[in-house]
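Report on the structure given below.
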Amino acid sequence: MAFQKPKGTQDLLPGTVERWQFLESKAREVCRRFMYGEIRTPIFEATELFQRGVGETTDIVEKEMYTFEDKGGRSMTLRPEGTAGVVRAYVENKLYGDPDITKLYYIGPMFRYEQPQAGRYRQFHQFGIEAFGSSDPGLDAEVIALGHQFYKEIGLQGFTLEINSVGTPAIRAAFREELLAFLAPKKDLLCKDCRSRMERNPLRVLDCKVDQEHFAGAPSLLDHLDAECADHFDKVQSYLKEMNIPYDINPKLVRGLDYYTHTAFEFKAAGIGSIDTIGGGGRYNGLVSDVGGPEQTGVGFGLGLERVLLVLENQGAELPAATKPEVYFVALGEAAERRAVSLLNAVREKGIAAEKDYGGRKMKAQLKSADRLAAKYAAILGDDELLRGEIVLKNLATGEQEAVALDKLADRLLEGQ
RNA sequence: GAGGUCAUGGCGAAAUGGUUAACGCGACGGGUUGUGGCCCCGUUAUCGCCGGUUCAAUUCCGGCUGAUCUCCCCA
């Protein structure tokens with residue numbers, strides 16, 4: 041084989057792209073109803089944007105970025121996530137000047153240099169939304185509701201929602217000290233991953249799969265929230281209840297990116313190997329100013345389209361397949377061939393999906409193609425039909441045939457749809 | 001960044017250190033010089049790449065690449 045696609049990427053071919061188109065159109069439709077407008081930002085940005093926006097000590101920035109130097113000597117990075125670029129565009133285009141809340145969505149590829157596994161790719165695709173300009177917990181709830189509606193509408197079964205409040209950076213810093221004080225005496229009992237987490241990201245330690253026995257009596261972040269944070273969290277929950285969106289509180293939920301404040305949430309579903317997160321997000325009140333904008337709040341959400349699709353396929357959901365032609369033209373002989381070309385074109389102009397043979401093959405082979413493509417009709421045109429000014433329309437499911445005047449073909453097909 | 005499993009045709013999938021690499025599906029052609037889906041016949045593979053062992057490698061060994069699964073982490 042001469043060339044292979046880069047590791048962790050995929051070719052989406054006709055027959056499966058329809059599934060992607062389905063997900064994308066549903067995403068757009070839900071955003072339309074929620075009044076989120078599409079934003080398309082560059083696929084690469086200045087490296088520093090992600091360093092500042094995502095967080096210097098995150099795995100993404102430390103080891104997963106596709107970074108390169110352009111010919112002008114600038115360090116550029118293929119976007120590893122969507123929020124930083126959107127925030128940059130929000131600031132650069134001074135959308136904060138809009139008196140109303142700015143609500144944006146995006147769909148597109150993201151890039152992370154990782155070892156691929158089930159539901160994890162180097163180029164993957166996210167659908168995400170960001171809402172700027174309000175700290176109202178109702179907006180957090182709206183963001184969650186949009187995600188919930190999307191999953192529901194694509195037919196996903198059995199997904200769950202977990203929420204948490206991660207407070208403010210100051211609260212987290214204080215909690216972090218207390219947690220480390222709790223963990224320090226147990227350090228030697230913990231697994232090697234936990235010991236490294238203690239240095240890199242202590243809040244994640246409590247989520248460890250193997251060391252749970254040592255965590256009895258551990259402090260909880262939720263107990264350290266100040267009145268404002270607790271009130272915000274309560275209100276988010278009451279809005280979710282108001283909308284009948286079921287959720288669980290997961291006090292150990294910490295998101296992988298540094299910028300979250302207050303609300304953090306994840307949607308989960310089984311069916312992607314060892315991975316269960318299909319989407320997540322939260323509020324990021326400090327991010328806009330971190331990236332050089334004014335003090336402005338934001339809340340958002342991103343979901344992985346590959347993962348959602350894997351779960352759907354795993355659940356045996358009905359998904360759209362390749363387009364089937366309404367009619368397949370079978371032409372016999374040169375004169376019929378010429379006429380078939382014009383009929384084909386005319387029918388297509390009327391909006392009918394139509395195909396014909398281009399191999400000059402015999403009738404049997406042409407009908408076989410029509411059958412294989414699952415055409416509804418075969419339109420058979422030979423010298424006899426040409427003389428009569430007719431074409432034979434054969435219903436391939438029933439085998440019934442009828443002669444149709446050539447100039448009535450398109451109308452006949454349209455009424456049969 | 002670490003580890004396990006794997007790599008044969010368009011697809012699924014056997015077997016084998018030696019001269020025809022099963023079988024199934026599909027595709028193409030024919031049986032039926034104008035009727036598909038059923039049936040019958042025929043055709044359809046430089047065994048991922050590079051190197052090594054050997055008289056001989058698709059088969060054994062090593063490296064590479066990729067897939068898949070898992071850890072870290074994440075969508």
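For this note's numbering, count along the first sequence from 1 and bump the result up by 40. Cβ coordinates follow ideal geometry from the N, Cα and C atoms, glycine included.
{"Check": "What are the boundary residues of the alpha helix (DSSP H) that includes E85?", "Outcome": "That residue, E85, is in no alpha helix (DSSP H); its beta strand (DSSP E) goes F84 to A86."}
{"Check": "By DSSP, does R92 sit in helix, in strand, or in coil?", "Outcome": "helix"}
{"Check": "Would you mind listing the alpha helix (DSSP H) stretches within the segment 229 to 257 that are 4+ residues and don't spill past its ends, in chain order?", "Outcome": "232 to 240"}
{"Check": "Taking its Cβ as the centre, do 16 or more other Cβ atoms sit within 10 Å of V250, making it buried, or is it exposed?", "Outcome": "exposed"}
{"Check": "Are the beta-carbon atoms of P242 and G326 separated by less than 8 Å?", "Outcome": "no"}
{"Check": "If we ignore side chains and look at the alpha-carbon of each, how far apart do V331 and V126 end up?", "Outcome": "11 Å"}
{"Check": "I'd like to know whether the C-beta atoms of F164 and L118 end up nearer to each other than 8 Å.", "Outcome": "no"}
{"Check": "For P149, tell me which candidate among E346, Q336 and D266 has the shortest Cα-Cα distance.", "Outcome": "E346"}
{"Check": "Give me the Cα-Cα distance between D411 and G195, rounded to the nearest whole angstrom.", "Outcome": "30 Å"}
{"Check": "Out of curiosity, what's the CA-to-CA distance linking D298 and Y368?", "Outcome": "56 Å"}
{"Check": "Taking contact to mean at least 3 C-beta pairs separated by less than 8 Å, is the segment 154 to 173 in contact with the segment 45 to 54?", "Outcome": "yes"}
{"Check": "Kindly indicate which three-state DSSP category A270 falls into: helix, strand or coil?", "Outcome": "helix"}
{"Check": "Sorted by chain position, which residues of the same chain lie with C-beta nearer than 7 Å to V183's C-beta, five sequence neighbours on each side aside?", "Outcome": "I169, A171, G321, V339, G340 and F341"}
{"Check": "Hey, how far is the Cα of G313 from the Cα of L384?", "Outcome": "47 Å"}
{"Check": "Tell me the DSSP bridge mates of I431?", "Outcome": "V444"}
{"Check": "Would you mind stating whether L449 and I431 have Cβ atoms separated by less than 8 Å?", "Outcome": "yes"}
{"Check": "Could you work out which residue in R128, G95 and A357 is closest to G311 when comparing CA atoms only?", "Outcome": "A357"}
{"Check": "Which first and last residues belong to the alpha helix (DSSP H) in which S382 is found?", "Outcome": "E374 to E389"}
{"Check": "What does T301 pair with, by DSSP beta-bridge criteria?", "Outcome": "R323"}
{"Check": "Which stretch, first to last residue, makes up the beta strand (DSSP E) that contains Y106?", "Outcome": "Y106 to E109"}
{"Check": "Give me, in chain order, the residues of the same chain whose beta-carbon lies closer than 7 Å to that of L458; leave out the 5 immediate sequence neighbours on both sides.", "Outcome": "Absent from the model: residue 458. The displayed extent of the chain is 41 to 457, so no value can be given."}
{"Check": "Comparing alpha-carbon positions, which option in K434, K275 and E425 lies nearest P177?", "Outcome": "K275"}
{"Check": "Around the C-beta of D110, are 16 or more other C-beta atoms found within 10 angstroms, so that it is buried, or is it exposed?", "Outcome": "exposed"}
{"Check": "Could you check where the beta strand (DSSP E) with H165 kicks off and where it finishes?", "Outcome": "Q163 to F172"}
{"Check": "Looking only at C-alpha atoms, which of G198, M75, Y106 and K192 sits nearest to E88?", "Outcome": "Y106"}
{"Check": "Return the first residue and the last residue of the alpha helix (DSSP H) that P177 is part of.", "Outcome": "P177 to E193"}
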